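Presented below is the structure to which this report refers.
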Amino acid sequence: MEETDREAVATAVQRVAGMLQRPDQLDKVEQYRRREARKKASVEARLKAAIQSQLDGVRTGLSQLHNALVDVKDIRCSLANVSNDWRKSINTIENLKDVKDAVVQHSQLAAAVENLKNIFSVPEIVQETHDLIEQGELLQAHRKLMDLECSRDDLMYEQYRMDSKNTHDMNLIRSYFGEVQSLSEELAKQLWMVLQRSMGTVRKDPTMLVSVVRIIEREEKIDRRMLDRMKQTGFMPPGRPKKWKEKMFEVLEGTVSSRIEGTQSETRESDKMWLVRLLEITRKYVLDDLIVVKNLMVQCFPLHYNIFNVFFNLYHRVLSARVQELASEDLEANEIVSLLTWVLNTYTSVDMMGHPELFVEVDVNSLEPLLPQQVVDELLSKYIQTLTSNITGWLRKALETDKKDWKKETEPEADQDGYFQTTLPAIVFQIFEQNLQVAAQINETFKEQVLRLCLKQMNSFLIRYREEAIALKEDHLKDRKLPHFYTQYMIAIINNCQTFKESINSLKKKYSHTAENTQNDAAIEKTLGDVAKDGCAFLLDEVFMDLEQHLNELLTRKWLSGSNAVDTICATVEDYFYDFAKIKKPYNKEITTEAHRRVVIEYLKAIMQKRISFRNAEERKEGAERMIKEADQLKFLFRKLSDGEAADSLCDAIAAIAEVFKLTDPTLLYLEVSTLVSRYPDVREEHITALLAVRGDASRDMRQMIIETLNQNRPASTANIQPIFRDITVPSMTVPKLLK
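Read in order, the letters of the sequence shown correspond to residues 164 to 903 in the numbering used here.
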């Protein structure tokens with residue numbers, strides 16, 4: 164307390180010091196004193212009120228505890244009095260046993276009197292009930308059946324209450340009412356029969372179905388009442404609980420199963436389209452039945468049955484079991500597609516479960532899949548395996564058919580622009596198109612998968628196509644007269660490559676949403692290029708076999724004396740290119756360029772083979788002028804064949820060599836040769852040696868000097884010329900080497 168007092172004094176001193184920091188504040192000392200006095204009085208008043216409130220609470224609590232103690236004493240006395248009274252009444256209860264037995268016996272007798280009329284007329288009522296059942300008066304029959312069961316159950320219950328161990332009397336009652344159980348079973352059969360025909364009954368006589376439902380509802384109420392009594396007494400009448408409502412749903416499920424299973428009337432042996440027909444009939448039956456349930460049957464059942472959802476789920480469950488059974492069979496490829504298309508698309512579409520009349524009642528998106536994903540994947544995998552094998556067989560057959568066409572005695576067909584072609588590309592892409600259309604019916608992912616498969620098969624097919632084109636060429640070389648239209652069909656093979664390329668792009672654009680090129684795309688592009696390149700080369704081989712004799716005349720004495728070999732070469736090439744004009748772009752340009760290149764190379768080879776050696780300046784001049792003239796002829800020819808797009812630099816190489824031959828001053832040979840090397844950097848040392856040998860006036864020392872000088876002072880290239888001399892070999896016993 165002393166420490167608290169000190170802290171309070173210190174705080175007060177601090178506050179007073181804060182108030183009296185300036186001289187002018189001394190005038191307000193009295194005001195400060197009164198204010199602090201008011202605050203003190205207020206705090207004291209609140210403190211007194213709080214203490215008073217606590218004291219009142221304690222007083223009230225003590226009073227309540229005192230009252231509780233008094234109540235406990237009173238209860239203790241009452242319990243003691245009750246205990247004494249109970250002990251005194253034990254003997255009285257034992258004396259009332261006879262009265263209790265009399266009450267039970269009186270109850271039994273009362274029940275017997277009440278049911279006396281029914282007891283004596285049981286055989287008559289049984290017969291009436293039986294007749295009513297046969298007549299279809301199910302409600303009346305059930306009313307009489309309930310009366311009989313009620314009489315039997317009441318008698319058995321009273322017997323059970325009197326002596327549950329008296330089986331003799333209990334069996335006597337059961338025997339007397341024995342026909343009642345048979346009637347119940349007979350009525351149940353009629354009920355199940357009506358339910359089995361419910362789809363037809365609800366159209367023709369809905370009241371019959373309503374009667375059946377009312378009977379089942381009555382039996383359900385009786386079942387519940389008997390179960391409640393059994394919980395209290397332990398007694399359950401024979402045949403209870405009947406559980407007819409549960410049995411009703413079992414019958415309905417069996418009815419649905421029978422309708423679904425009954426849709427199959429054909430097999431694969433009798434009809435290849437058996438599965439398509441089966442699925443379509445199933446679709447129609449299910450849709451019709453559910454519409455009947457929604458529009459008619461719902462009105463025949465209580466709302467709490469939610470009968471539409473019951474039937475909807477029944478059909479879904481039964482259909483799921485049925486399609487799984489179908490999926491487990493050994494289905495063919497087209498049957499797999501039919502089944503999956505129906506399961507994944509048709510089932511939830513507006514043509515079936517998503518029909519406008521059903522859409523309001525159920526959400527098809529909430530349905531479980533008819534087939535587990537694992538089964539779907541297995542079917543798709545099986546389909547892909549079968550499809551792969553089928554496509555391979557179809558493509559092989561298509562190629563065999565096309566090979567037979569190559570040997571026909573008629574030209575291949577031409578398209579609207581006059582380009583030769585065969586039916587092979589159309590057949591191949593008809594195969595792909597049909598299978599992609601089928602795959603698209605399933606889903607987008609599977610369609611992409613089938614497209615990749617088609618492209619993969621396409622690449623393998625093109626490899627075989629190339630092999631067969633090579634075999635065609637080799638067979639032709641054995642007898643160039645066969646096949647008769649070899650050139651035209653080789654052109655068609657080349658054109659087919661362009662058609663294949665266009666068709667592939669069309670398929671990808673139509674059936675793929677990805678613009679990325681795959682490994683298959685690159686492989687197909689390369690293989691198509693190889694097939695077309697080989698075809699062009701084979702055609703040119705044919706040309707040059709016919710030109711061989713005339714090419715061998717070039718740069719010979721016969722040529723120098725006035726041979727018309729180049730005229731014949733130009734005429735032959737032009738004649739062949741009359742057919743080659745039916746090659747599609749870009750291959751027509753490629754074959755023209757390659758023909759131009761090969762003709763020039765053959766001409767240059769004739770020079771390098773040193774078939775002639777000019778004897779004097781006059782022969783050199785005559786030969787050079789002839790070479791320049793023939794270079795112009797070739798240039799004109801290939802300009803004509805390529806619509807003016809030919810590379811003149813190829814023929815210019817002939818003219819450049821002619822300038823070397825035409826030079827009259829041998830001392831200037833180095834400059835002329837240097838100019839040639841600068842224009843054509845791929846000229847090698849043996850080429851220069853051969854040229855100088857053909858010229859005929861260059862001594863060994865001069866040739867050696869020119870070559871050494873060129874090696875020491877390699878002239879700079881003056882143009883970006885396509886290499887041509889690198890493909891020309893010079894007959895020699897030494898290893899060729901490039902100029903350094």
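Note that beta-carbon positions come from the ideal geometry of N, C-alpha and C, so glycine has one too. As the structure is a computational prediction, the values presented were derived from the model and not from experiment.
| query | result |
| --- | --- |
| Span of the alpha helix (DSSP H), counted from its first residue to its last, around CYS660 | 649-674 |
| Alpha-carbon to alpha-carbon, LEU502 and ARG946 | For the chain, the structure presents residues 164 to 903; residue 946 sits outside this window and is missing. |
| 4 or more residues per run - each alpha helix (DSSP H) lying fully within the region 429-482 | 437-458 |
| Range covered by the alpha helix (DSSP H) that runs through THR370 | 369-396 |
| Residue burial classification, MET896 (beta-carbon count within 10 angstroms, cutoff 16) | Confidence at MET896 is low in this model, with a pLDDT of 41, below 50, so its placement is unreliable and the value that follows should be read with caution. Exposed, by the Cβ-count rule. |
| Beta carbon of LEU562 nearer than 9 Å to that of TYR628 | yes |
| DSSP state of PHE777 mapped onto helix, strand, coil | coil |
| Close Cβ partners of ALA577 (< 8 Å) along its chain, the five nearest in sequence each way excluded | PHE583, GLN584 and LYS745 |
| Supposed close pair THR426, LEU441 - CB separation, criterion 8 Å | 6 Å |
| Spatial distance of LYS903 from LEU873 (CA atoms) | Low confidence applies to LYS903: its pLDDT is 40, below 50, so where it sits in the model is not reliable enough to give any reading. |
| Span of the alpha helix (DSSP H) around LEU832 | 832-842 |
| Residues bridged to ARG615 [DSSP beta-bridge criterion] | In the DSSP output, where bridge partners are listed per residue, ARG615 has none listed. |
| Coil, strand or helix - PHE340 by DSSP | coil |
| LYS903, DSSP secondary structure in three states | Below a pLDDT of 50, predicted positions are generally treated as unreliable, and LYS903, at 40, falls in that range; no measurement from the model is reported. |
| Extent of the continuous alpha helix (DSSP H) run through TYR766 | 750-771 |
| Counterpart residues of PHE583 in DSSP-defined beta bridges | ALA577 |
| Anticipated Cβ contact below 8 Å, LYS405 with ASP386, distance rounded | 6 Å |
| The region 435-454 contacting the region 490-508, beta-carbon criterion three pairs below 8 Å | yes |
| Residue range of the unbroken alpha helix (DSSP H) whose run includes ARG422 | 407-424 |
| Beta-carbon proximity of ALA634 to ILE770, cut-off 9 Å | no |
| Own chain residues within Cβ distance below 8 Å of GLN604, not counting five before or after | VAL500, THR504 and ASN508 |
| Cβ-based neighbour list, PHE474, same chain, cut-off 6 Å, excluding 5 preceding and 5 following | VAL456 |
| ASP526 burial status per 10 Å Cβ neighbour count (16 or more: buried) | exposed |
| Beta-carbon contacts of GLY517 that lie in its chain and below 7 Å, excluding the five residues immediately before and after | THR511 and VAL527 |
| Proximity to ARG889 [Cα-Cα], best of ARG760, LEU710 and ILE626 | ARG760 |
| First through last residue of the alpha helix (DSSP H) which encompasses HIS713 | 682-716 |
| Any C-beta of chain B under 9 Å from that of SER361 | The structure shown contains no chain B; it holds only a single protein chain. |
| For LEU645, three-class secondary structure by DSSP | coil |
| Reference TYR649; option with closest CA among MET865, ASN658 and HIS639 | HIS639 |
| PHE743 beta carbon less than 9 Å from that of LEU702 | yes |
| Distance CB(PRO575)-CB(GLN661) smaller than 9 Å | no |
| Pairwise C-alpha distance: PHE340 and HIS331 | 14 Å |
| Spatial distance of SER805 from GLU737 (CA atoms) | 11 Å |
| Within 9 Å, strictly: CB atoms of SER361 and THR396 | no |
| Which listed residue (MET309, GLN353 and GLU688) has its alpha carbon closest to that of LEU666 | Just to set this straight, residue 666 is Ser in the shown sequence, not Leu. It is GLU688. |
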